[in-house]
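Under numbering that gives the first Met the number 0, the first residue of the sequence shown carries the number 0, and numbering increases by one thereafter.
Think of the CB as a built atom: it goes at the ideal place given N, C-alpha and C, for glycine as much as any other residue.
Computed from a prediction, not measured in an experiment: that's the story for all the values here.
Data block below; observations after.
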Amino acid sequence: MFNDLFSVIVPVYNADKYLEERTQSIFNQTYPNIEVIFIDDCSTDESWQVLEKIKAQHNNVILHKNAVNQGAGASRNIGLNLANGKYVFFADADDELELNLLEKAYKTLEKEQSDFVFISFKHILKDKIVFKSLPNEALIAQDMEQIRKLSFKLPLTTCTKVLRTSFLKSNDIKFPSIYSGEDYCWSLHLIFCAKKVSFINECLYKYIMTEGSITSGNYARDIFACYAFSYELLCKYGLNDTLQKELHADFIEFYCNYCKSLNPQKKNELIESFRSSQHPQLVSERLNNFKTLEKFPFYKLLPSIFFKKTRKDLKESYIVYSRYKYAANTLK
């Protein structure tokens, strides 16, 4: 039953403290026929030595060391070129898989003959665990047109998808050459190209926030390249009119989050990049669409609304409005 080979690709950068422990969840999968491809991205710690130890213990390991640091996205592209499996999964070196992840994904992909399958995951930060379920709208969607309209409600991270290798290669879907946001762009490309996708609304992956694993502020300005790449995808697949507002709202969320977390120097650099882009004009135009929310505070509008969905939509709109307002204020 499990004759088809699975390729699990793991980019590695300075992960020697937890690499051997965390990757045990890959080797202990209930799906027996796998190869594990590790791409060391010029680690400066003992990661390569740990990988050599892992390879000595398992006969299904492929190792590759990048000549120069290229980032997780480019490392995953290299891993895909080395992959021999019918199916592929991209894991991070500091995360863990539920032991039946590949088996459940394999059965779903074979049964439904889909291009890839979405899975839900757990987000773990120290002692806090947040379960990230798939949106109900997607689970009941009837076709890909409906699913594409939900693109920005779906998880746009690498670890939430198990894929047919042939689907990636035949559509030439690769991670863009940026250090931050590459998984976001890649995920959108998958959704726009797919003829059929499946869903497993079960937390099969543990996304573990390890100290030092948060994206560096050095790459904050990659959000501009991420937006440009994603916008080109919308235009290429005729989805600009449908999804451009959601894409830009996501960009503004990324921008606001970075502004709130960066040190003063890097924050000012990011603001200047923002100021010199087309985004301030887009922010101004979008704020004009929020006249009601600007005139009436959220807490005054909410009591007059009785329908639960309408209340939820209003709350989400106010969150988006607040981010656009914050973004506009950074330019003052």
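Check: Given a threshold of 16 other Cβ atoms within 10 Å of its Cβ, counted over all protein chains shown, does Lys-160 qualify as buried or as exposed?; Outcome: buried
Check: Tell me, please, which residues DSSP counts as bridged to Ser-150.; Outcome: Answer is none; Ser-150 lacks a bridge partner.
Check: For Phe-250 and Ile-222, what's the separation of their Cα atoms in angstroms?; Outcome: 7 Å
Check: Looking at C-beta atoms only, is the number of pairs between the region 111–123 and the region 190–204 that lie closer than 8 Å three or more?; Outcome: yes
Check: Compute the Euclidean distance between the alpha carbons of Asn-135 and Leu-238, then round it to the nearest angstrom.; Outcome: 22 Å
Check: Leu-153 to Gln-145, Cα distance in whole Å?; Outcome: 12 Å
Check: Taking the alpha carbon of Ser-74 as the point to measure from, which residue in Glu-34, Tyr-178 and Tyr-317 has its own alpha carbon closest?; Outcome: Tyr-178
Check: Return helix, strand or coil for Ser-42, following the three-state DSSP convention.; Outcome: coil
Check: Would you list the residues sitting across from Ser-401 in a DSSP beta bridge?; Outcome: Within the shown structure, residues of the chain are numbered from 0 to 331, placing residue 401 beyond reach of any answer.
Check: Between Tyr-336 and the rest of its own chain, which residues show a CB-CB distance below 7 Å, the 5 nearest in sequence each way excluded?; Outcome: Given that the chain is displayed from residue 0 to residue 331, the structure contains no residue 336 and the question cannot be resolved.
Check: My guess is that Phe-166 and Phe-88 are in contact by the Cβ rule of under 8 Å, so how many angstroms apart are they, rounded?; Outcome: At roughly 13 Å, the Cβ-Cβ gap does not stay under 8 Å, so Phe-166 and Phe-88 are not in contact.
Check: Can you give the Cα-Cα distance for Ala-219 and Leu-269, rounded to whole angstroms?; Outcome: 7 Å
Check: Give me the Cβ distance between Ile-61 and Leu-81, rounded to the nearest whole Å; I'm assuming they're in contact under 8 Å.; Outcome: 6 Å
Check: Thinking Phe-151 and Leu-242 are a contact (beta carbons under 8 Å), I'd like their distance in whole angstroms, please.; Outcome: 7 Å
Check: State the start and end residues of the unbroken alpha helix (DSSP H) segment that holds Ser-24.; Outcome: 23–26
Check: Residue ranges of each beta strand (DSSP E) run of no fewer than 3 residues wholly in the region 176–257, ordered along the chain?; Outcome: 196–207
Check: Report yes if the CB atom of Gly-78 is closer than 7 Å to the CB atom of Ile-8, and no otherwise.; Outcome: yes
Check: Beta carbon of Asp-94, beta carbon of Ile-207: below 7 Å?; Outcome: yes
Check: Should Asp-44 be labelled buried (16 or more other beta-carbon atoms within 10 Å of its own) or exposed?; Outcome: exposed
Check: For Lys-127, tell me which candidate among Tyr-183, Thr-209, Phe-191 and Ala-92 has the shortest Cα-Cα distance.; Outcome: Thr-209
Check: Apart from the five residues just before and just after Asn-170, which ones in its own chain have a Cβ nearer than 7 Å to its Cβ?; Outcome: Cys-192
Check: Using DSSP with H/G/I as helix, E/B as strand and the rest coil, what is Ile-8?; Outcome: strand
Check: Would you tell me roughly how many angstroms separate the C-alpha atoms of Ser-260 and Thr-329, rounded to the nearest one?; Outcome: 14 Å
Check: Nearest-angstrom Cα distance between Asp-3 and Lys-85?; Outcome: 6 Å
Check: With DSSP collapsed to three states, give me the class of Val-161.; Outcome: strand
Check: Whose CA, out of Tyr-12, Ala-326 and Cys-41, lies closest to the CA of Pro-279?; Outcome: Ala-326
Check: Taking the alpha-carbon of Leu-162 as reference, which of Arg-147, Tyr-183 and Lys-195 has the nearest alpha-carbon?; Outcome: Lys-195
Check: Do Asn-68 and Asp-40 have their C-beta atoms closer together than 7 Å?; Outcome: yes
Check: Roughly how many angstroms lie between the CA atoms of Gly-211 and Glu-181, to the nearest whole one?; Outcome: In this predicted model, Gly-211 has a pLDDT of only 49, less than 50, meaning its place in the structure is not dependable; the value taken from the coordinates is given anyway. Looking at the two C-alpha atoms, the distance is approximately 19 Å.
Check: Report the residue ranges of all alpha helix (DSSP H) runs contained in full by the region 256–295; include only those spanning at least 4 residues, in chain order.; Outcome: 263–274, 278–286 and 290–294
Check: How is the alpha helix (DSSP H) around Ile-77 delimited, first residue to last?; Outcome: 71–81
Check: Leaving out five residues before and five after Phe-253 in sequence, what residues of the same chain have Cβ atoms less than 7 Å from its Cβ?; Outcome: Ile-222
Check: Work out the CA separation of Ile-38 and Pro-10 for me, nearest whole Å.; Outcome: 5 Å
Check: Taking the alpha helix (DSSP H) that Leu-100 belongs to, which residues open and close that run?; Outcome: 100–111
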